[in-house]
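As numbered in this note's numbering, residues -6 to 152 make up the sequence shown, in order.
Glycine is no exception: its CB is placed at the ideal position from the N, C-alpha and C atoms.
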Amino acid sequence: MQGDPEVIEFLNEQLTAELTAINQYFLHAKMQENFGWTKLAKYTRHESFDEMKHAEVLTDRILFLDGLPNYQRLFHVRVGQTVKEMFEADRQVEVEAIDRLKRGIEVMRAKGDVTSANIFESILADEEHHIDYLDTQLELLEKLGEALYIAQLIEQPES
């Protein structure tokens, strides 16, 4: 099925964002694991996999619309050195995604591509949930202080 070029471009832009987020979250998860923050690492790794699922859905839709998924570009991967910097970097990715998704939904609906708009709405709901999680973690970090917050992230390995 021949898709609208503007819709395909929005799908590809979001695909680029998802591919960037996969890399950023996966790197943060590995860093968190290395720091011993095992509980946080598990959560962040799961978020990376969620972004991979989004990338898969977007790829399928682009191909269905006879477009070519662009896997050759990434946006800037932001790497935090502290837990706060990681949360802030990940939050920025989500803020940008939410703005892009909302604009895309409007264009897709205006062009009559309800299915692509529904895909974007589904991804938007996931991103809103993730930004809520990040906001909560940043608030807890501020209230508890970094040392106490990090103490909650450590899990002893099973013997």
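Practice task
Pull up the distance between the alpha-carbon of Leu12 and that of Arg102, whole angstroms please.
Solution key: 25 Å
Practice task
Work out the CA separation of Asp128 and Lys136 for me, nearest whole Å.
Solution key: 12 Å
Practice task
Check each candidate in Glu87, Gln149, Thr52 and name the one with the smallest Cα separation from Phe68.
Solution key: Glu87
Handout entry: Leu4 and Ile55 closer than 7 Å at C-beta
Key = yes
Practice task
On a CA-only basis, which of Glu139, Leu134, Lys77, Asp92 is nearest Ala118? Give me that one, please.
Solution key: Asp92
Exercise for the section: Measure the beta-carbon distance from Gln130 to Phe80 and round it to whole angstroms, keeping in mind my assumption that it falls under 8 Å. Expected result: 5 Å
Practice task
Using a threshold of 7 Å, state whether the C-beta atoms of Val153 and Ile112 are closer than that.
Solution key: Nothing can be reported for residue 153: it is not among the residues displayed for the chain, which extend from -6 to 152.
Problem - Minimum length 4: unbroken alpha helix (DSSP H) runs contained in the region 44 to 104 - result: 76 to 103
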